[in-house]
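In our numbering, the protein residues as written are 112 to 239.
Just so you know, even glycine gets a beta-carbon here, dropped at the ideal spot from N, CA and C.
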């Protein structure tokens, strides 16, 4: 009986702002993850991809790593998912989606409208 009460209270707490926020996050995910491999890697992306590829090749010359976090996460992902343009762009896409969610944690300071506006702007930003 308690499970039903807790589920109904969880559903009752959802607001229109929560639904709009969910749609913004969904749209940001579609924007970021759709066609990750549509364009060839840029020079910087290719250099980072080459560093990851060389890391896993025995005896290959190592390339200087620009971003240790990107390198480490991408190196793990390449072992799980293989080498492709999509995998090389997956870490920045995930972090870009995380940036869209981030204003939700500042809701007390920004207010509901501020969170929705900031998340929407981050979702459609061409730089993220």
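Residue i, DSSP secondary structure in three states
i, result
"residue 194", "coil"
"residue 171", "coil"
"residue 126", "coil"
"residue 136", "helix"
"residue 178", "coil"
"residue 213", "helix"
"residue 149", "coil"
Host alpha helix (DSSP H) of residue i (start-end)
i, result
"residue 231", "218-235"
"residue 165", "154-166"
Sequence-distant residues of its chain with Cβ nearer than 8 Å to residue i (five each side left out)
i, result
"residue 165", "171, 172, 173, 174"
"residue 227", "128, 131, 132, 135"
"residue 167", "186, 189, 190"
"residue 182", "159, 162, 163, 166, 176"
Nearest residue (CA-CA) to residue i, options the options
i, options, result
"residue 233", "119, 220, 206, 152", "206"
"residue 141", "204, 210, 215, 219", "204"
"residue 231", "179, 157, 197, 210", "210"
"residue 146", "216, 235, 198, 219", "198"
"residue 152", "219, 201, 236, 208", "201"
"residue 236", "163, 139, 183", "139"
Residues near residue i in its chain [Cβ-Cβ closer than 6 Å; skip 5 each side]
i, result
"residue 229", "214"
"residue 144", "204"
"residue 208", "139, 140, 143"
Close-in-space but distant-in-sequence residues of the same chain around residue i (CB under 7 Å, 5 per side omitted)
i, result
"residue 195", "148"
"residue 187", "none"
"residue 192", "198"
"residue 160", "152, 199"
"residue 212", "136"
"residue 218", "226"
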